[in-house]
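Read the structure below first, then the notes.
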Amino acid sequence: MTNFSFEERLLLVQHCIFKYDSEEMIKTKLHQYFSPKEIESAIDTLIATQRIRRIGQDVLQNNESHTGTVPEISENLKSIIDNL
16 MTNFSFEERL
26 LLVQHCIFKY
36 DSEEMIKTKL
46 HQYFSPKEIE
56 SAIDTLIATQ
66 RIRRIGQDVL
76 QNNESHTGTV
86 PEISENLKSI
96 IDNL
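If you're matching positions, the sequence shown starts at 16 in our numbering and goes up one per residue.
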């Protein structure tokens, strides 16, 4: 597993939600980079800070109406998102 800062982890999860809105799919795609506990923690933090919201039991959505657009990510993080 790669060593990411907490903020990088949040950004990766948030951008992953653009590609996959299913929480299980997000966990499956990110398992090679983060432990299940790290993914859960990132999702919980993003929900608590209202950057994302839960719509139904397994569906996540970026909360752009509350926070504006999703922050840009660096090229090395962008390559990870592109390869998911």
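No residue lacks a Cβ here, since even glycine has one placed at the ideal position from N, Cα and C.
All values derive from a computational prediction rather than experimental measurement.
Check whether L112 and L92 have beta carbons under 8 Å apart: Residue numbering for the chain in the displayed model covers 16 to 99; residue 112 lies beyond these limits and cannot be assessed.
R24 in three-state terms, based on DSSP: Counted from its first residue, the sequence shown places residue 24 at position 9. Note: R24 maps to helix in three-state DSSP.
Cα-Cα separation between F33 and F19, rounded to whole angstroms: Mapped onto the sequence shown, residue 33 falls at position 18. Mapped onto the sequence shown, residue 19 falls at position 4. Near 20 Å, if we compare the C-alpha coordinates of F19 and F33.
Option in Y48, F21, R68 and N78 with minimal Cα separation from N98: Taking the first residue of the sequence shown as position 1, residue 98 is located at position 83. Nearest C-alpha to N98: Y48.
Inter-residue CB distance, L61 and I67 (contact presumed, cutoff 8 Å): Translated into the one-based positions of the sequence shown, residue 61 becomes position 46. Translated into the one-based positions of the sequence shown, residue 67 becomes position 52. Contact flag correct, Cβ pair sits at about 4 Å.
Opening and closing residue of the alpha helix (DSSP H) in which L92 lies: Position 77 of the sequence shown, counting from 1, holds the residue named residue 92. Element bounds for L92: E90 to N98.
Contact check, Y58 vs L45, beta carbons under 8 Å: Locating residue 58 in the sequence shown gives position 43, where the first residue counts as 1. Locating residue 45 in the sequence shown gives position 30, where the first residue counts as 1. Looking at the sequence provided, one finds Ile at residue 58 rather than Tyr. Against a cut-off of 8 Å, the Cβ pair of L45 and I58 comes out as no contact.
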